[in-house]
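Student:
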Amino acid sequence: MTRAMSSRDTILSRIRTALSGEPPVERPPVPEVWPPGNPSVEEMADRFAEELQAVSGEIHRAATMEDARRRLAELLDELSCDLLGAIDRPICRDVLSEIPSDHLAWPEAGGTARTMCELAAGLVPADALLADTGSCLIACGTPQERLLCYLPPVCIVIARTDQLVEHLPAVWESIASRSADPNLRGEFVLVTGPSRTADIEKILILGVHGPKRLIVLLVG
Amino acid sequence: MSHDTIPLEGAQFLKAETVGLAEPKGFQALGESAERSAKHTAEIAASIPYWQEWRDAANRIKSFSIVNLDKLLVEFEQNVTARGATVLWAADAHEANQYILDLVKEHNVKTIVKSKSMVSEEMELNHALEAVGARPVETDLGEYLVQLARQRPTHIVTPALHLSAADVGHLFQDKLKEPFSAEHQHLTNVARKHLREDFITADMGISGCNFAAADTGTICVVENEGNAGLSTSAPPIHVVLMGVEKVIPGIQYLPVFLNLLGRSGTGQKLTTYTHLFHGPPPGRKMVVIILDNGRTNVLKDPAARMALFCIRCGACLNACPVYRRTGGWAYGWVYPGPIGAVLTPHLIGIDKAGKLPFASSLCGACGEACPVKIDIPHQLVHMRHRAVNEPSPMNSALERLTWAVWAWWFSGPKRYRLAMAMVKLGIRMSKFLPWHPGKLGAWTRGRELPRVPEGPPFRDWWRKNGTQVKPKTTTPPAANR
Chain A
4 MTRAMSSRDT
14 ILSRIRTALS
24 GEPPVERPPV
34 PEVWPPGNPS
44 VEEMADRFAE
54 ELQAVSGEIH
64 RAATMEDARR
74 RLAELLDELS
84 CDLLGAIDRP
94 ICRDVLSEIP
104 SDHLAWPEAG
114 GTARTMCELA
124 AGLVPADALL
134 ADTGSCLIAC
144 GTPQERLLCY
154 LPPVCIVIAR
164 TDQLVEHLPA
174 VWESIASRSA
184 DPNLRGEFVL
194 VTGPSRTADI
204 EKILILGVHG
214 PKRLIVLLVG
Chain B
724 MSHDTIPLEG
734 AQFLKAETVG
744 LAEPKGFQAL
754 GESAERSAKH
764 TAEIAASIPY
774 WQEWRDAANR
784 IKSFSIVNLD
794 KLLVEFEQNV
804 TARGATVLWA
814 ADAHEANQYI
824 LDLVKEHNVK
834 TIVKSKSMVS
844 EEMELNHALE
854 AVGARPVETD
864 LGEYLVQLAR
874 QRPTHIVTPA
884 LHLSAADVGH
894 LFQDKLKEPF
904 SAEHQHLTNV
914 ARKHLREDFI
924 TADMGISGCN
934 FAAADTGTIC
944 VVENEGNAGL
954 STSAPPIHVV
964 LMGVEKVIPG
974 IQYLPVFLNL
984 LGRSGTGQKL
994 TTYTHLFHGP
1004 PPGRKMVVII
1014 LDNGRTNVLK
1024 DPAARMALFC
1034 IRCGACLNAC
1044 PVYRRTGGWA
1054 YGWVYPGPIG
1064 AVLTPHLIGI
1074 DKAGKLPFAS
1084 SLCGACGEAC
1094 PVKIDIPHQL
1104 VHMRHRAVNE
1114 PSPMNSALER
1124 LTWAVWAWWF
1134 SGPKRYRLAM
1144 AMVKLGIRMS
1154 KFLPWHPGKL
1164 GAWTRGRELP
1174 RVPEGPPFRD
1184 WWRKNGTQVK
1194 PKTTTPPAAN
1204 R
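Just so you know, the protein sequences line up as chains A and B, in that order. Here the numbering used here is used: the first residue of the first sequence is 4, the next is one more, and so on. Here the numbering used here is used: the first residue of the second sequence is 724, the next is one more, and so on.
Encoded structure:
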């Protein structure tokens, strides 16, 4: 590691030399970005649906968990999904409680990307939904949870209406405080629509490497 | 990286394909597309009442970050190390490559999946990996196409902007043995199929870094395709390549940048995926390589420091009339467009790339487009000043003599009169001279000479009539009673 240490010192000393005598700059305040508009839950749900559809995402609404179970079963039928992978959280267990277990996979530590390629769809729970951009915040602790967001051709996100927030700044306080925990691992990912590319002649094509469809099941 | 890399040779701006600023063949689509993007971005910016406040805020945050760079980097290192990542510092591209080659050897890495990283282009990392028998695979669709074609990217956000769907179809036919198609969805599916296998079998994934938060050790990567998500979650090792300037003081400062970057880069409110990585998940390895590679040269020049604020959105490329004509390759190195014309001379040396800052009409469109408010036009002027005063291709005895003679000639009325007479004569004679002489040829080839105006020049007219012309007297407005 001697080489690494010496380059560290070299770079830091280059920076310090370059900046020597520089007057201190006051730490800027955190910008507000978007002012809070305090919309109602129903306003946010409508806004979220509109924005999600604008980025080619799909939304299914369910009034109750009971309703959600039925909607999901219908959806899996329609997708002819014979194997669904899901992140192991109470809300996923709940909504899948009536799905036969041979149609389900709960990728755990050690699950490989190759085996997960067999999954027809992935079910992931959202920690928050951003109404202004149609985005889903998903917290993934393990590589397998992360792969569930990117590998299957269909990504189904489940969330409750009380998880709706107005916009990015409104959810940031919670992201920042959770990120401050040194024991946190893995990633937070903000997903805004299915994967896309415009790299060939700037023509928008959905589903390049990640999911071709993003379906949000909104309960409440 | 392609084997036919463009030899720098002082990063000569005017190459065969751009001589005379004639429309370079095959780049028309690029120009039109960049123009559309620039228009779209400008419309979005105009529609957001807070846009200018965001730009000011982003600029202030970056100013603070750059002035506290040493402290923030150390803080970031501590926090990301506490989460289980390994931090390696690389003074130059060679050292950064060596770190990766060591990892390749140590972990017996065969296939490496890469999501887009401009830093890796600086390092010519793919070259280095191929030289030891490893197989780097670019997974961003545009980068993948450019890698298959063994070319360089023409744009930092849409690297294959110069290739048509038919070009891509032929490329896939030739390199992947796929039946020809020029249909976008089909071509995308072909790339998906081939790259899937690489994601699954790769032993290492490499990503760039859009922002690094010092206070939490968070690494932020934004993308649209899902390839960064897969590159960093499928293989057991994740290597992050970041320039020293990517660090920001705290994670609370991120939203303003995310709002600016998506809109300026691709016209999106947010990119499809915004990843916030917090160290390696259990059982995985994360290595963060912090690279200088000439960035501290920028820091040394207080007038130029602002260039380090760049968040690589590509808005200045799209806005630039010169870039739209020439495309990215003409800039000779990794970073094209106005920001490339500023950064490249710092990063690889004014002696090599001193011509680049002159590749601009100084129209100011880049400065207006920049979401972090880098004053690119003045940066260009500053670099021109340095290029003519320091050893560079723009600082030759001939250049100095030319401008000294010009200054002397045009500072006397008689000499000026003579010069104008010669210009008139030159234009009249030019039709008998079908050739394009030397450096002047670059100008004459792409243009028609102006016609000599009829009648005497204004100077002569004024001398005869000037004294008779009286300024028009206007009645002063009636005093307010």
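The beta carbon of each residue, even a glycine, is placed where N, CA and C say it ideally should be.
Is the shortest distance between the beta-carbon of D1015(B) and the beta-carbons of chain A less than 8 Å?
Tutor: Stepping through the second sequence from its first residue, residue 1015(B) is reached at position 292. By this cut-off, D1015(B) is an interface position.
Student: Taking the alpha-carbon of C120(A) as reference, which of P197(A), T145(A), P214(A) and A48(A) has the nearest alpha-carbon?
Tutor: By 1-based counting over the first sequence, the position of residue 120(A) is 117. The candidate whose alpha carbon is nearest that of C120(A) is P214(A).
Student: Within this structure, are the beta carbons of R1018(B) and G966(B) separated by less than 8 Å?
Tutor: Sequence index remark: in the second sequence, residue 1018(B) carries index 295 (1-based). Sequence index remark: in the second sequence, residue 966(B) carries index 243 (1-based). Taking 8 Å as the Cβ cut-off, R1018(B) and G966(B) qualify as a contacting pair.
Student: Have a look at K1279(B) and H830(B) and give me their C-alpha separation to the nearest angstrom.
Tutor: Nothing about residue 1279(B) can be read from this structure; chain B reaches only from 724 to 1204.
Student: I need the straight-line Cα distance from S838(B) to P1160(B), nearest angstrom please.
Tutor: The count along the second sequence starts at 1 and reaches residue 838(B) at position 115. The count along the second sequence starts at 1 and reaches residue 1160(B) at position 437. Each residue's Cα considered, the two are about 47 Å apart.
Student: At 3 residues or longer, and completely inside the segment 771–839 of chain B: list those beta strand (DSSP E) runs for me, N to C.
Tutor: As far as the segment 771–839 of chain B is concerned, its whole beta strand (DSSP E) runs of at least 3 residues are 809–813 and 834–837.
Student: When the Cα of D779(B) is compared with those of Q874(B), G1189(B), D1098(B) and S1083(B), which residue comes out closest?
Tutor: Position 56 of the second sequence, counted from the start, is the residue given in the question as residue 779(B). If we check each option's Cα against that of D779(B), D1098(B) comes out closest.
Student: How long is the line joining the alpha carbons of G1006(B) and P959(B), rounded to whole angstroms?
Tutor: Residue mapping note: residue 1006(B) aligns to position 283 of the second sequence, counting from 1. Residue mapping note: residue 959(B) aligns to position 236 of the second sequence, counting from 1. Cα to Cα, G1006(B) sits roughly 8 Å from P959(B).
Student: With distances taken from CA atoms, which of N1112(B), V1021(B), G1050(B) and Q874(B) is nearest A21(A)?
Tutor: As a first step, residue 21(A) is located in the first sequence; it is residue number 18 there, counting from the start. Checked all of N1112(B), V1021(B), G1050(B) and Q874(B); the closest Cα to A21(A) is V1021(B).
Student: Determine the burial state of V219(A): buried for a count of at least 16 other Cβ atoms within 10 Å of its Cβ, exposed for fewer.
Tutor: Position 216 of the first sequence, counting from 1, holds the residue named residue 219(A). It is buried - the Cβ of V219(A) has at least 16 other Cβ atoms within 10 Å.
Student: Strictly below 7 Å CB to CB, what residues from chain A border I923(B)?
Tutor: Numbered from its first residue, the second sequence carries residue 923(B) at position 200. In chain order: A116, R117 and C120.
Student: Can you check whether the C-beta of P42(A) is within less than 8 Å of a C-beta belonging to chain B?
Tutor: Position 39 of the first sequence, counted from the first residue, corresponds to residue 42(A). Not an interface residue.
Student: Counting only Cβ pairs nearer than 7 Å, list the residues of chain A close to Q908(B).
Tutor: Translated into the one-based positions of the second sequence, residue 908(B) becomes position 185. I208, listed in chain order.
Student: Assuming M841(B) contacts I879(B) (C-beta within less than 8 Å), just tell me the rounded distance between them.
Tutor: Taking the second sequence and counting its residues from 1, the one referred to as residue 841(B) is at position 118. Taking the second sequence and counting its residues from 1, the one referred to as residue 879(B) is at position 156. Indeed they touch by this definition, with Cβ atoms about 6 Å apart.
Student: If the criterion is Cβ atoms closer than 8 Å, does the pair A1038(B) and C1086(B) meet it?
Tutor: As a first step, residue 1038(B) must be located in the second sequence, where it is residue number 315. As a first step, residue 1086(B) must be located in the second sequence, where it is residue number 363. Result no, Cβ atoms of A1038(B) and C1086(B) do not sit closer than 8 Å.
Student: Determine the DSSP secondary structure at R92(A), reduced to helix, strand or coil.
Tutor: One-based indexing of the first sequence puts residue 92(A) at position 89. Residue state, collapsed to three classes: coil.
Student: Since W812(B) and I1013(B) should fall inside the 8 Å C-beta cutoff, what is the C-beta to C-beta distance between them, to a whole number of angstroms?
Tutor: Mapped onto the second sequence, residue 812(B) falls at position 89. Mapped onto the second sequence, residue 1013(B) falls at position 290. W812(B) to I1013(B), Cβ: 5 Å. Contact.
Student: Between P1059(B) and chain A, is there a C-beta pair that is closer than 8 Å?
Tutor: Against the second sequence, residue 1059(B) aligns to sequence position 336. Chain A, which has no Cβ nearer than 8 Å to the Cβ of P1059(B), makes this no.
Student: Verify the CB distance criterion: does P747(B) have a CB-CB separation below 8 Å to chain A?
Tutor: Within the second sequence, residue 747(B) is the residue found at index 24, counting from 1. Because P747(B) carries a pLDDT of 49, less than 50, the predicted location of this residue cannot be relied on, and the following value inherits that uncertainty. False, the Cβ-Cβ gap to chain A never drops below 8 Å.
Student: Just to confirm my understanding: we take A1030(B), look at its own chain, exclude 5 residues before and 5 after, and list those with CB closer than 6 Å. What are they?
Tutor: Start at 1 with the first residue of the second sequence, and residue 1030(B) comes out as number 307. Correct list, in chain order: V1021, V1065, L1066 and Q1102.
Student: Anything in the segment 19–42 of chain A with a Cβ closer than 9 Å to a Cβ of chain B? List those residues in chain order, please.
Tutor: Of all residues in the segment 19–42 of chain A, R19, T20, A21, L22, E25, P26, P27, V28, E29, R30, P31, P32, V33, P34, E35, V36, W37 and P38 have a Cβ within less than 9 Å of some Cβ in chain B.
Student: Using CA coordinates, which residue listed in L209(A), R188(A), V194(A) and P172(A) is at the minimum distance from Q908(B)?
Tutor: Along the second sequence, one-based indexing puts residue 908(B) at 185. For Q908(B), the nearest C-alpha among the options comes from L209(A).
Student: Which same chain residues, not among the five before or five after A889(B), have their C-beta less than 6 Å away from its C-beta?
Tutor: Counting from one through the second sequence, the residue named residue 889(B) turns up at place 166. A905, listed in sequence order.
Student: Measure from the C-beta of K1096(B) to each C-beta in chain A and report whether the shortest distance is under 8 Å.
Tutor: Translated into the one-based positions of the second sequence, residue 1096(B) becomes position 373. Not closer than 8 Å to any Cβ of chain A, the Cβ of K1096(B) fails to qualify, so no.
Student: So which residues of chain A does T840(B) contact, with C-beta pairs closer than 8 Å?
Tutor: By one-based count along the second sequence, residue 840(B) stands at place 117. According to the sequence as given, residue 840(B) is Ser; it is not Thr. Under the 8 Å cutoff, chain A gives no residues; its nearest Cβ is about 16 Å from S840(B).
Student: Residues in the same chain with beta-carbon distance under 6 Å from N1118(B), minus the five sequence neighbours each way, listed in chain order, please.
Tutor: If you number the second sequence from 1, residue 1118(B) lands on position 395. Taken in chain order, the residues that qualify are V1111.
Student: Who are the Cβ neighbours of L82(A) in its own chain at under 8 Å, not counting the five residues just before and after it?
Tutor: As a position in the first sequence, residue 82(A) is number 79, starting the count at 1. Cβ within range, chain order: A123, A124 and V157.
Student: Should the segment 165–177 of chain A be called in touch with the segment 87–104 of chain A, which here means at least 3 C-beta pairs below 8 Å?
Tutor: Because the criterion of three Cβ pairs below 8 Å is not met, the segment 165–177 of chain A and the segment 87–104 of chain A do not touch.
Student: Rounded to the nearest angstrom, what separates L744(B) and R1048(B) at their Cα positions?
Tutor: Start at 1 with the first residue of the second sequence, and residue 744(B) comes out as number 21. Start at 1 with the first residue of the second sequence, and residue 1048(B) comes out as number 325. Bear in mind that a pLDDT of 48 at L744(B), under 50, signals an unreliable position, so the model cannot answer this.
Student: Let's test the definition: count the other Cβ atoms within 10 Å of the Cβ of I719(B) and tell me whether it reaches 16, buried, or not, exposed.
Tutor: For chain B, the structure presents residues 724 to 1204; residue 719(B) sits outside this window and is missing.
Student: Do we get a CB-CB distance below 8 Å when we pair D130(A) with the residues of chain C?
Tutor: Going by chain labels, chain C is absent from the structure shown, which instead holds the protein chains A and B.
Student: Check this for me: beta carbons of G988(B) and C1036(B), under 8 Å apart or not?
Tutor: Walking along the second sequence from the start, residue 988(B) turns up at place 265. Walking along the second sequence from the start, residue 1036(B) turns up at place 313. Their beta carbons are under 8 Å apart, which means G988(B) touches C1036(B) by this criterion.
Student: Pull the bridge partners of V1146(B) from the DSSP assignment, please.
Tutor: Here residue 1146(B) refers to the residue found at position 423 of the second sequence. Its beta-bridge partners do not exist; DSSP assigns none.
Student: Can you tell me whether F980(B) is buried or exposed? The criterion is at least 16 other CB atoms within 10 Å of its CB, across all chains shown.
Tutor: Your numbering for residue 980(B) matches position 257 in the second sequence. Label assigned to F980(B): buried.
Student: Do L848(B) and N802(B) have their CB atoms nearer than 8 Å?
Tutor: The count along the second sequence starts at 1 and reaches residue 848(B) at position 125. The count along the second sequence starts at 1 and reaches residue 802(B) at position 79. Taking 8 Å as the Cβ cut-off, L848(B) and N802(B) do not qualify as a contacting pair.
Student: So what does DSSP say about A745(B), is it helix, strand or coil?
Tutor: The residue given as residue 745(B) occupies position 22 in the second sequence. Low local confidence applies: a pLDDT of 49 at A745(B) is under 50, so the model's placement there is unreliable, and no value is given.
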